[in-house]
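Engineer:
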Amino acid sequence: MDQASDVLEVRTLALGGTSGTVPLARDFTRTALTEWGWLPAVGADRRAAAEDVLLVVSELVTNACLHAEGPERLQVVRLASTVRLEVTDRGAGQPTPRTPHRAGRPGGHGMFIVQRLCLDWGIQRVPGSPGKTVWAELAAPA
Amino acid sequence: MDQASDVLEVRTLALGGTSGTVPLARDFTRTALTEWGWLPAVGADRRAAAEDVLLVVSELVTNACLHAEGPERLQVVRLASTVRLEVTDRGAGQPTPRTPHRAGRPGGHGMFIVQRLCLDWGIQRVPGSPGKTVWAELAAPA
Amino acid sequence: MDRQHIGSVRPERLRVEARTVGDDAELVVPVGELDHHTAELLRAPLDAALDAGRVRLVVDCAGLGFCDSTGLNVLLGARLRAEAAGGAVHLVAMRPAVARVFRITGAEAVFTLHETLATALPDSG
Amino acid sequence: MDRQHIGSVRPERLRVEARTVGDDAELVVPVGELDHHTAELLRAPLDAALDAGRVRLVVDCAGLGFCDSTGLNVLLGARLRAEAAGGAVHLVAMRPAVARVFRITGAEAVFTLHETLATALPDSG
Ligand SMILES: Nc1ncnc2c1ncn2[C@@H]1O[C@H](COP(=O)(O)OP(=O)(O)O)[C@@H](O)[C@H]1O
Ligand SMILES: Nc1ncnc2c1ncn2[C@@H]1O[C@H](COP(=O)(O)OP(=O)(O)O)[C@@H](O)[C@H]1O
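Below, the structure is given as structure tokens:
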């Protein structure tokens, strides 16, 4: 997100305290994609683009549940030709794709999927405050 | 249900006062069919038999919502070679399949479906008390 | 930043997405279970499309796991409006349990059925 | 009357049905969305089947609308146990969104994939 002027819309969902946050986060994102015309998708490529976004949301929010004392907030940001997902959590540590990735064994697939599907991803911290924001950006369908 | 000895099991779900009764009634019935080995179904015929039961439950409970001040109770009765559904409501009147049945127009399909899928159906009333029980019986898969 | 949206969501037994395709077609995708409690979620986008003059209603049923007579009534109502305006309702990729409701009621005869979206959408798609 | 059951139900984002087929196979049918909140609903019947010595696990995915890495982990865990006991996990009729997760992670290579139930169930079925 180089230019703030790229941002067309920001949608924010508070997640702290609610139960069932992972499907909630997907539903919220699906609604955004529907209102932005990504869904319903005409054609398999466009559908896959939307499904990838929902999958990445699911991975990031799950990681906040498992490894970071729970998610606090999801932001779905519409940019000119990408969508940016931001999941803010309350925990220390940071996502670290496990290497080697072992296809046949449980564990270590979440960030592998995020890496595979996203143009870029990273971590933002506000100095002095706990927690962090993990963000990931995916291409919009052509 | 000629012989009380035919009854293998009775499952009862209180419906008065709850919201979302129609999917609740289906879920309850689906659980019964699963525990009785109807589901998951191996083969299209067996699956259709289970799906028919869920469809009839949905029709009877919907009718209690629309035409009889709401359902009070669902009973799912397992008999030797049939399943009997009983939906008790609080209303006057009675189900009356509309004739002629008009395939292309909204309305009048619920009891048509019940008649088509069930071995028999009927109404029971307790003299002096309001409401009634609409029952329907379907064949178990071979 | 153009718009800001602070939101919430409620999980439903049915989700419905809709989008316009070409000039006069609407693609509507219900996912989940269609019954007394969810029928309005499908009726609303069908009526909105018809109100806007889109009379070719393409309903992708691949994700529809259940439909009873209440769901059937919604589609039959949309079909009456669509045909009165020279259009039609196209039902795509119905699963067996749903197809059965249309078959036993005879309603399948009044819809155009398709196996895949490709034949149901207008050519411009 | 043999049994009396007075019950209640809670709607879930995932329903899972299971049944034994033949001597050593278990047919498991998850319908809905498989993730962090529903994974245990699938893990439990898979583990129960394995505990009982049924090592041919047939998972009918036709009704599975979503699966992320948490769901994948459940199936990969069952696959380790099944193979250690001389069995396997068979995945049937995966929808595109679900198949994609297995493809991009490479996990599809360790399962046996089928288009329909017929080839996945044991012959005695
Ligand atoms: N939000 C997070 N906060 C702290 N640590 C994280 C977070 N997300 C991921 N991690 C770390 O990165 C590792 C890899 O994550 P992932 O690839 O999703 O696999 P898994 O969750 O199966 O371990 C995790 O084991 C965890 O140590
Ligand atoms: N539980 C009930 N109590 C009273 N009347 C009923 C009940 N169920 C059905 N009916 C009557 O039977 C008619 C036909 O029902 P049905 O075939 O389900 O069609 P619809 O509900 O579309 O009218 C209803 O219009 C109603 O008058």
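Protein chains in written order, with the working numbering: chain A, -5 to 136; chain B, -5 to 136; chain C, 6 to 130; chain D, 6 to 130. Ideal placement from N, C-alpha and C gives every residue a C-beta, glycine not left out.
Do residue 0 of chain B and residue 74 of chain B come within 7 Å of each other at the CB atom, strictly closer than that value?
Structural biologist: One-based indexing of the second sequence puts residue 74 of chain B at position 80. One-based indexing of the second sequence puts residue 0 of chain B at position 6. For residue 74 of chain B and residue 0 of chain B, yes; Cβs fall inside 7 Å.
Engineer: Could you compute how far the alpha carbon of residue 17 of chain A sits from the alpha carbon of residue 14 of chain D?
Structural biologist: Here residue 17 of chain A refers to the residue found at position 23 when the first sequence is read from its first residue. Here residue 14 of chain D refers to the residue found at position 9 when the fourth sequence is read from its first residue. About 20 Å.
Engineer: Here's the rule: buried if 16 or more other CB atoms are within 10 angstroms of the residue's CB, otherwise exposed. What is residue 122 of chain D?
Structural biologist: In the fourth sequence, counting from the first residue as 1, residue 122 of chain D sits at position 117. Residue 122 of chain D comes out buried.
Engineer: Less than 7 Å between CB atoms is the rule here; does residue 59 of chain A satisfy it with respect to chain D?
Structural biologist: The residue labelled residue 59 of chain A in the question sits at position 65 within the first sequence. Closer than 7 Å to some Cβ of chain D, the Cβ of residue 59 of chain A qualifies, so yes.
Engineer: Run through DSSP, which three-state label would residue 136 of chain A get?
Structural biologist: Mapped onto the first sequence, residue 136 of chain A falls at position 142. Reduced to three states, the DSSP call for residue 136 of chain A is coil.
Engineer: Shorter than 6 Å, the distance from the beta carbon of residue 65 of chain D to the closest heavy atom of ligand 1, or not?
Structural biologist: Residue mapping note: residue 65 of chain D aligns to position 60 of the fourth sequence, counting from 1. Incorrect: residue 65 of chain D has no Cβ contact closer than 6 Å to ligand 1.
Engineer: Per DSSP, what kind of secondary structure is residue 88 of chain B in: helix, strand or coil?
Structural biologist: Translated into the one-based positions of the second sequence, residue 88 of chain B becomes position 94. Coil, per DSSP.
Engineer: Would you call the segment 117 to 132 of chain B and the segment 71 to 89 of chain B in contact, with 3 or more CB pairs under 8 Å?
Structural biologist: At 8 Å Cβ cutoff, the stretches touch.
Engineer: Sorted by chain position, which residues of the same chain lie with C-beta nearer than 7 Å to residue 28 of chain B's C-beta, five sequence neighbours on each side aside?
Structural biologist: Position 34 of the second sequence, counted from the first residue, corresponds to residue 28 of chain B. For residue 28 of chain B, where only same-chain residues beyond five positions count, there are no Cβ hits under 7 Å.
Engineer: Measuring CB atoms only, is the segment 45 to 65 of chain A touching the segment 111 to 123 of chain A, in the sense that at least three cross pairs come out at less than 8 Å?
Structural biologist: Contact holds: three or more Cβ-Cβ distances are below 8 Å.
Engineer: At 3 residues or longer, what runs of the beta strand (DSSP E) sit wholly inside the segment 53 to 80 of chain A?
Structural biologist: Segments of the beta strand (DSSP E) lying fully in the segment 53 to 80 of chain A: 65 to 72.
Engineer: Is residue 57 of chain A near ligand 1 - that is, is its Cβ less than 6 Å away from at least one heavy atom of it?
Structural biologist: As a first step, residue 57 of chain A must be located in the first sequence, where it is residue number 63. Yes; taking the cut-off as 6 Å, the Cβ of residue 57 of chain A has a heavy atom of ligand 1 nearer than that.
Engineer: Give the residues of chain D in contact with residue 36 of chain C, contact being defined as C-beta atoms less than 8 Å apart.
Structural biologist: The residue labelled residue 36 of chain C in the question sits at position 31 within the third sequence. Under the 8 Å cutoff, chain D gives 70.
Engineer: Could you give the distance in angstroms between the alpha-carbon of residue 104 of chain D and the alpha-carbon of residue 65 of chain C?
Structural biologist: Locating residue 104 of chain D in the fourth sequence gives position 99, counting from the first residue. Locating residue 65 of chain C in the third sequence gives position 60, counting from the first residue. Going by the C-alpha atoms only, they are around 20 Å apart.
Engineer: Any idea what DSSP makes of residue 106 of chain B, helix, strand or coil?
Structural biologist: To locate residue 106 of chain B, count along the second sequence from 1; it is residue 112. In the structure shown, residue 106 of chain B sits in a helix (DSSP, three-state: H, G or I).
Engineer: Would the beta-carbon of residue 61 of chain D fall within 7 Å of that of residue 30 of chain D?
Structural biologist: Your numbering for residue 61 of chain D matches position 56 in the fourth sequence. Your numbering for residue 30 of chain D matches position 25 in the fourth sequence. Result yes, Cβ atoms of residue 61 of chain D and residue 30 of chain D sit closer than 7 Å.
Engineer: Work out the CA separation of residue 97 of chain B and residue 111 of chain C for me, nearest whole Å.
Structural biologist: Translated into the one-based positions of the third sequence, residue 111 of chain C becomes position 106. Translated into the one-based positions of the second sequence, residue 97 of chain B becomes position 103. C-alpha separation (whole angstroms): 5 Å.
Engineer: Please classify residue 119 of chain A as buried or exposed, where buried requires at least 16 other C-beta atoms within 10 Å of its C-beta.
Structural biologist: Taking the first sequence and counting its residues from 1, one reaches residue 119 of chain A at position 125. Burial call: exposed.
Engineer: Looking only at its chain, what residues have a beta carbon closer than 6 Å to the beta carbon of residue 125 of chain D, apart from the 5 residues adjacent to it on each side?
Structural biologist: If you number the fourth sequence from 1, residue 125 of chain D lands on position 120. Answer for residue 125 of chain D: 63, 95, 97 and 119, listed in chain order.
Engineer: By the 10 Å Cβ neighbour count, where 16 or more other Cβ atoms means buried, how is residue 50 of chain D classified, buried or exposed?
Structural biologist: Taking the first residue of the fourth sequence as 1, we reach residue 50 of chain D at position 45. With 16 or more Cβ atoms within 10 Å of its Cβ, residue 50 of chain D is classed as buried.
Engineer: Within the present structure, is the beta-carbon of residue 42 of chain D separated from the nearest heavy atom of ligand 1 by less than 6 Å?
Structural biologist: Numbered from 1 along the fourth sequence, position 37 holds the residue referred to as residue 42 of chain D. It does not: the Cβ of residue 42 of chain D is nowhere closer than 6 Å to a heavy atom of ligand 1.
Engineer: Between the segment 33 to 43 of chain C and the segment 63 to 82 of chain C, are three or more C-beta pairs nearer than 8 Å?
Structural biologist: Because the criterion of three Cβ pairs below 8 Å is met, the segment 33 to 43 of chain C and the segment 63 to 82 of chain C touch.
Engineer: DSSP three-state label for residue 0 of chain B, please.
Structural biologist: Residue numbering aside, residue 0 of chain B sits at position 6 when the second sequence is read from its first letter. Correct three-state label for residue 0 of chain B: helix.
Engineer: Mind listing the chain B neighbours of residue 24 of chain D? Cutoff is C-beta to C-beta under 7 Å, in chain order.
Structural biologist: As a first step, residue 24 of chain D must be located in the fourth sequence, where it is residue number 19. Correct list: 31 and 34.
Engineer: What is the DSSP secondary structure of residue 70 of chain C, counted as helix, strand or coil?
Structural biologist: As a first step, residue 70 of chain C must be located in the third sequence, where it is residue number 65. Reduced to three states, the DSSP call for residue 70 of chain C is strand.
Engineer: Alpha carbon to alpha carbon, what distance is there between residue 66 of chain B and residue 8 of chain B?
Structural biologist: On the second sequence, position 14 is the one that residue 8 of chain B refers to. On the second sequence, position 72 is the one that residue 66 of chain B refers to. Those two C-alpha atoms are separated by around 6 Å.
Engineer: Using the beta-carbon of each residue, which ones in chain D are nearer than 9 Å to residue 6 of chain B?
Structural biologist: Locating residue 6 of chain B in the second sequence gives position 12, where the first residue counts as 1. In chain order: 9, 10, 11 and 12.
Engineer: At a CB-CB cut-off below 7 Å, which residues of chain C make contact with residue 106 of chain B?
Structural biologist: Reading the second sequence from its first residue, position 112 is the one you call residue 106 of chain B. Chain C residues near residue 106 of chain B: 110.
Engineer: Kindly examine ligand 2 and report whether one of its heavy atoms sits closer than 6 Å to the Cβ of residue 62 of chain B.
Structural biologist: On the second sequence, residue 62 of chain B is found 68 positions in, with the first residue counted as 1. Under cutoff, so the answer is yes.
Engineer: So which residues of chain A does residue 16 of chain C contact, with C-beta pairs closer than 8 Å?
Structural biologist: Here residue 16 of chain C refers to the residue found at position 11 when the third sequence is read from its first residue. The contacting residues are 14, 17, 18 and 21.
Engineer: Cβ of residue 113 of chain D less than 7 Å from any chain B Cβ?
Structural biologist: Along the fourth sequence, read from residue 1 onward, the residue named residue 113 of chain D stands at position 108. No - not a single Cβ of chain B is within 7 Å of the one on residue 113 of chain D.
Engineer: Determine which residues share a DSSP beta bridge with residue 11 of chain A and list them.
Structural biologist: Stepping through the first sequence from its first residue, residue 11 of chain A is reached at position 17. In DSSP, residue 11 of chain A forms no bridge with anything.
Engineer: Any beta carbon of chain A sitting closer than 7 Å to that of residue 32 of chain C?
Structural biologist: The residue labelled residue 32 of chain C in the question sits at position 27 within the third sequence. Closer than 7 Å: yes.
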